[in-house]
Amino acid sequence: MPVPPGCGWSAGTDAKPLTRSIGTHWKEEPGPTAARCSRSGRMSRPPLGVESPKPDRVGGGHHPDPVAVLNLPGEEGPRRPSSELAHRLGLPLCGPSEANPEHLLLVASAQGLELWAGSERRAGYARVDWSIRSEVRGAGRRLAGQPLPRAIGRKPGFVVDATAGFGGDAFALATLGHRVLAVERSPVMAALLEDGRARALADPQLQEAAGRIQICCADARERLGQLDPPPDAVYIDPMYPAPPRAKAALPRIEIQLLRRLVGTNSTDTELLAAALASGARRVVVKRPPGAPVLPGPRVDSHSGKLVRYDVYHAAPSNPPGVT
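Per our numbering, the sequence shown starts with residue 23, numbered consecutively.
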């Protein structure tokens, strides 16, 4: 799938896992040393380049937490993975003794690129691992009857996942034969996606579906209007604020970390407007069961036990019979 205009960096089908050959994966030339954390755990100012995500000023909600790259023991030399990763993303580089336990850490581990909830892995961690989802969700024919595939449409087409996150829904749609452009505005989350996709491409059981996915680090509100031809469908899974603990159990670790990484500022109405204006035939918005319907030309809804998928059809550019 060609990279749509303005998508910035994106790995091709021959990309290697980030933790195996970061220099080759990023195709990055040697540059300034990444900023470091002070011994107190406070982050020094990162160099110019791709910065950690800034708070979105649309609506309220939780602002993103600081992120640093952990320099693992035993890494030496100017081309070590953690140093190049920190420089590529414009993030501070910290040793284990310097890491602030209240900050998020990006770690190039032996298992893959991981996001840690604190200065130690046992505080909680997550990585993009589509092999687990494949085992849980089953083959494509078992996915077809679920609410999301019914909402998107059974005929394989070009789908934009405008809020990719850890890419689970993008992979599920690719398993069904869709070509998927997974758009993620957080450079850190996009790096996690690229690493997970590269590992999936090396797995014979996952490589066919992973090959249908393209990662795009961008703000979907801007990129949706630049796609030519337009997608067949746009999928939106907004990040909702965490419910009060007294009313619900904590969500799984991936959701907790994603909320800390990107914040929970509401952009769902803007995303819906951009998707409807993109020329897509349908737009699907994931909502909690009791959440109000977003304003727009909703024509259908497909509900599961925990979520529902509202389907919107964009109005034609010209009335019937008018050219």
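Note that the Cβ used here is the ideal one computed from N, Cα and C, for glycine as well.
>> Quick check on ARG330: buried or exposed, where buried means 16 or more other Cβ atoms within 10 Å of its Cβ?
In response: Indexing the sequence shown from 1 puts residue 330 at position 308. By the Cβ-count criterion, ARG330 is buried, with 16 or more other Cβ atoms from all chains shown falling within 10 Å of its own Cβ.
>> Using only the alpha-carbon positions, how far apart do LEU214 and GLY189 sit?
In response: Here the question's residue 214 lines up with position 192 in the sequence shown. Here the question's residue 189 lines up with position 167 in the sequence shown. Whole-angstrom Cα-Cα distance: 10 Å.
>> Please state whether the Cβ-Cβ distance between LEU15 and ALA232 is less than 8 Å.
In response: The first residue shown for the chain is 23 and the last is 345, placing residue 15 beyond what the model contains.
>> Among HIS335, PRO253 and ALA336, whose alpha-carbon lies nearest the alpha-carbon of ASP183?
In response: Locating residue 183 in the sequence shown gives position 161, counting from the first residue. Answer by Cα proximity: PRO253.
> Does the distance from the C-beta atom of SER141 to that of PRO118 stay below 8 Å?
Replying inline: Numbered from its first residue, the sequence shown carries residue 141 at position 119. Numbered from its first residue, the sequence shown carries residue 118 at position 96. Yes; because the gap between Cβ atoms is below 8 Å, this pair is in contact.
> Got a sec? Which residues, its chain only, sit under 6 Å from ARG303 by beta carbon, not counting five neighbours each side?
Replying inline: Counting from one through the sequence shown, the residue named residue 303 turns up at place 281. Same-chain partners within the cutoff: ASP254.
>> I'd like to confirm the pairing. Which residues does DSSP put opposite ASP183 in its beta bridges?
In response: Within the sequence shown, the letter at position 161 stands for residue 183. Residue pairing by DSSP places ASP183 opposite ALA204 and TYR257 in a beta bridge.
> Tell me the DSSP bridge mates of ALA148?
Replying inline: By one-based count along the sequence shown, residue 148 stands at place 126. Beta-bridge pairing links ALA148 to LEU137.
>> Suppose you measure from the CA of LEU316 to the CA of GLY146; what does that come to, to the nearest Å?
In response: Residue 316 sits at position 294 when you count from the first residue of the sequence shown. Residue 146 sits at position 124 when you count from the first residue of the sequence shown. Straight through space, the alpha carbons of GLY146 and LEU316 are spaced by roughly 34 Å.
> So, is ASP250 buried or exposed, given that buried needs 16 or more other C-beta atoms within 10 angstroms?
Replying inline: Residue 250 sits at position 228 when you count from the first residue of the sequence shown. Residue burial is scored here from C-beta neighbours: ASP250 has fewer than 16 other C-beta atoms within 10 angstroms and is therefore classed as exposed.
> Going along the chain, which residues of its own chain have a beta-carbon closer than 6 Å to the beta-carbon of PRO169, five neighbours each way excluded?
Replying inline: Against the sequence shown, residue 169 aligns to sequence position 147. Contacts found: HIS324, GLY326 and TYR331.
>> Once DSSP output is grouped into helix, strand and coil, what is the label at ALA130?
In response: Position 108 of the sequence shown, counted from the first residue, corresponds to residue 130. In the three-state scheme derived from DSSP, where H, G and I count as helix and E and B as strand, ALA130 is classed as strand.
> Out of TYR257, PRO311, PRO103 and TYR334, which has the shortest C-alpha to C-alpha gap to ALA132?
Replying inline: Numbered from its first residue, the sequence shown carries residue 132 at position 110. Nearest option by C-alpha distance: PRO103.
> What number of angstroms, rounded off, separates the C-alpha of ALA336 from the C-alpha of ALA296?
Replying inline: On the sequence shown, position 314 is the one that residue 336 refers to. On the sequence shown, position 274 is the one that residue 296 refers to. Distance between the alpha carbons of ALA336 and ALA296 is about 11 Å.
>> Suppose only complete runs of 3+ residues qualify. What are the beta strand (DSSP E) ranges in the segment 187–251, listed by chain order?
In response: Unbroken beta strand (DSSP E) stretches of 3 residues or longer found wholly inside the segment 187–251: 201–206 and 235–239, given in chain order.
> Do you know whose CA, among LEU298, GLY285, ALA108 and ARG201, lies nearest ARG243's CA?
Replying inline: As a working mapping, residue 243 is identified with position 221 in the sequence shown. Looking at the Cα atoms, LEU298 is the closest of the given residues.
> By DSSP, does VAL315 sit in helix, in strand, or in coil?
Replying inline: Position 293 of the sequence shown, counted from the first residue, corresponds to residue 315. In the three-state scheme derived from DSSP, where H, G and I count as helix and E and B as strand, VAL315 is classed as coil.
> Around the C-beta of GLY166, are 16 or more other C-beta atoms found within 10 angstroms, so that it is buried, or is it exposed?
Replying inline: Here residue 166 is taken as the residue at index 144 of the sequence shown, counted from 1. Correcting the residue identity first, residue 166 is Ala in this sequence and not Gly. Exposed, by the Cβ-count rule.
> So the alpha helix (DSSP H) LEU328 belongs to, where does it begin and stop?
Replying inline: For the purposes of this step, residue 328 is identified with residue 306 of the sequence shown, where counting begins at 1. That residue, LEU328, is in no alpha helix (DSSP H); it is neither H nor E in DSSP.
>> Output needed for THR291: all residues of its chain with C-beta closer than 7 Å, excluding positions within five of it in sequence on either side, in chain order.
In response: Locating residue 291 in the sequence shown gives position 269, counting from the first residue. LEU316.
>> Could you give the first and the last residue of the continuous beta strand (DSSP E) run that contains ARG309?
In response: The count along the sequence shown starts at 1 and reaches residue 309 at position 287. Residues 304–309.
> Relative to the C-alpha of VAL307, which residue among ASP87, GLY285, MET261 and LEU283 is closest?
Replying inline: Counted from its first residue, the sequence shown places residue 307 at position 285. It is MET261.
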